[in-house]
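Worksheet: one structure, shown below.
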Amino acid sequence: MNLTQIEANLQQIISNFNKDTFVYDMLLAYGQPKATITRLQQGGLNLSKLEGEIAWKKKLFF
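By our numbering, the letter at position 2 of the sequence shown is numbered 12, and the numbering carries on one by one without gaps.
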């Protein structure tokens, strides 16, 4: 994935902004595998126990 692709992906996120899926859309825009993001959404990779918080070891805190 190159810079132009990332920029196009981010522009698409901005034009179709959804606050509930923003962080997952952003991860997709930067080339993270969809299966990994699904695991993160379902809680398999999320280390946070707080509602509405995402903690992915050495990758993301949102």
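Ideal Cβ positions, reconstructed from N, Cα and C, are used throughout, including at glycine.
If you're wondering where the values come from, they're calculated on a predicted model, not measured in any experiment.
Item: To the nearest angstrom, how far is it from the Cα of GLU61 to the Cα of ASP35?; Value: 19 Å
Item: What are the start and end residues of the alpha helix (DSSP H) that includes GLU17?; Value: 13–25
Item: Count the other CB atoms within 10 Å of the CB of LEU57; is the residue buried (16 or more) or exposed (fewer)?; Value: exposed
Item: Tell me, which residues are paired with LEU70 by DSSP?; Value: TRP66
Item: In terms of residues, what are the limits of the alpha helix (DSSP H) holding GLN51?; Value: 44–52
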